[in-house]
Amino acid sequence: MRSAKEKRPAGQKQYYRRKKVCKFCVERIDTINYKDVKLLAQFVPERAKIMPRRISGVCSHHQRLLNDAIKKARNIALLPFATE
Amino acid sequence: MRNYEIMFILHPNTPDEETDKINGQIESVITSGGGKVEKIEKMGKRRLAYDVGKQREGFYILFVISANGDIVKECERRLRVIDAVIKYITVRTDEEVRRFEKIRSYRQKRAARRGSSAGAPPQPSIEEAMQ
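Laid out in structure tokens, this is it:
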């Protein structure tokens, strides 16, 4: 961490942002099942919207699989479409 | 033949005999059409994420089958007719399974190659990215 800070020339931002990594790539999860509510719920915050990639850090491939799974789960009332 | 998963939700007040009857009905539709029922799973009563037909709970049942599209169509028609069924979904799974197998075989091949040359377990570049 420190070395990253020191390398920066003066005038640049001083904080170091930890690089986000795709949870599914790290844990080697290949298929995302719509029945796995516990897993999917991690990517569905309070308002029941699908968490964007820029926040969760999921790679595009897995985000797509995740999207499909969440939408299927919504269809069968495992996940909400929206919450008040 | 394709693999499908049919999941449906029954009214929470459905008696057990009724549940078994419906399961039997669907099963007979599949087997008589030349399909195969691989698994019937009663997932039990759980809270619905939103109200369906004024119900907050539902009894989930999952069928894992291999059948043709016509059979699935007939199953869906039946499910629509049965009053106790408040929601159903059919998902085709064989494509996904095939893709998964492909990824896995590729990974094994790679692991074998890495293992023979360097003797170290394959570590993705993700590890580096995390540091």
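Quick mapping for you: the protein sequence lines, in order, are chains A and B.
Taking numbering that gives the first Met the number 0, I'd label the letters of the first sequence as residues 0 to 83.
Taking numbering that gives the first Met the number 0, I'd label the letters of the second sequence as residues 0 to 130.
We treat Cβ as the ideally placed atom computed from N, Cα and C, and that holds for glycine.
Discussion item. Please tell me whether N74/A has its Cβ less than 8 Å away from any Cβ of chain B.
Written reply: For the purposes of this step, residue 74/A is taken as the residue at position 75 of the first sequence. So yes, N74/A belongs to the interface.
Discussion item. Which of the three DSSP states is assigned to R98/B in this structure?
Written reply: As a first step, residue 98/B is located in the second sequence; it is residue number 99 there, counting from the start. Helix, per DSSP.
Worksheet entry | Residue closest to V13/B, alpha-carbon to alpha-carbon, out of N2/B, V90/B, V84/B | In the second sequence, counting from the first residue as 1, residue 13/B sits at position 14. Checking the displayed sequence, the identity of residue 13/B turns out to be Thr instead of Val. Of N2/B, V90/B, V84/B, the residue nearest in Cα terms is V84/B.
Discussion item. Once DSSP output is grouped into helix, strand and coil, what is the label at N12/B?
Written reply: Taking the first residue of the second sequence as position 1, residue 12/B is located at position 13. DSSP places N12/B in coil when its eight states are reduced to three.
Worksheet item: Taking DSSP as the reference, what is the three-state secondary structure of N2/B?
Response: Along the second sequence, read from residue 1 onward, the residue named residue 2/B stands at position 3. N2/B falls in the strand class under three-state DSSP.
Discussion item. Quick test of the definition: if touching needs 3 or more C-beta pairs under 8 Å, does the region 42 to 53 of chain A touch the region 19 to 29 of chain B?
Written reply: Under the 8 Å Cβ criterion, the region 42 to 53 of chain A does not count as touching the region 19 to 29 of chain B, having fewer than three qualifying pairs.
Worksheet entry | Simplified DSSP state of F23/A, which is helix, strand or coil | As a position in the first sequence, residue 23/A is number 24, starting the count at 1. If DSSP states are grouped into helix, strand and coil, F23/A belongs with the helices.
Discussion item. Quick check on K86/B - is its C-beta less than 8 Å from some C-beta in chain A?
Written reply: For the purposes of this step, residue 86/B is taken as the residue at position 87 of the second sequence. True, the Cβ-Cβ gap to chain A drops below 8 Å.
Worksheet item: Quick one: which chain A residues come within Cβ less than 8 Å of I102/B?
Response: In the second sequence, residue 102/B corresponds to position 103, counting from 1. Within 8 Å Cβ-Cβ: D29.
Worksheet item: Cβ of V71/B within 8 Å of Cβ of N2/B?
Response: Taking the first residue of the second sequence as position 1, residue 71/B is located at position 72. Taking the first residue of the second sequence as position 1, residue 2/B is located at position 3. No, the pair does not count as a contact, with Cβ atoms beyond the cut-off.
Practice prompt. Give the residues of chain B in contact with P79/A, contact being defined as C-beta atoms less than 7 Å apart.
Written response: The residue labelled residue 79/A in the question sits at position 80 within the first sequence. Going along chain B in sequence order, the residues near P79/A (Cβ under 7 Å) are A48, Y49.
Worksheet item: Residues of chain B with a CB under 8 Å from the CB of Y14/A: which are they?
Response: Here residue 14/A corresponds to residue number 15 of the first sequence, with the count starting at 1. Here the premise fails: no neighbours, minimum Cβ distance about 17 Å.
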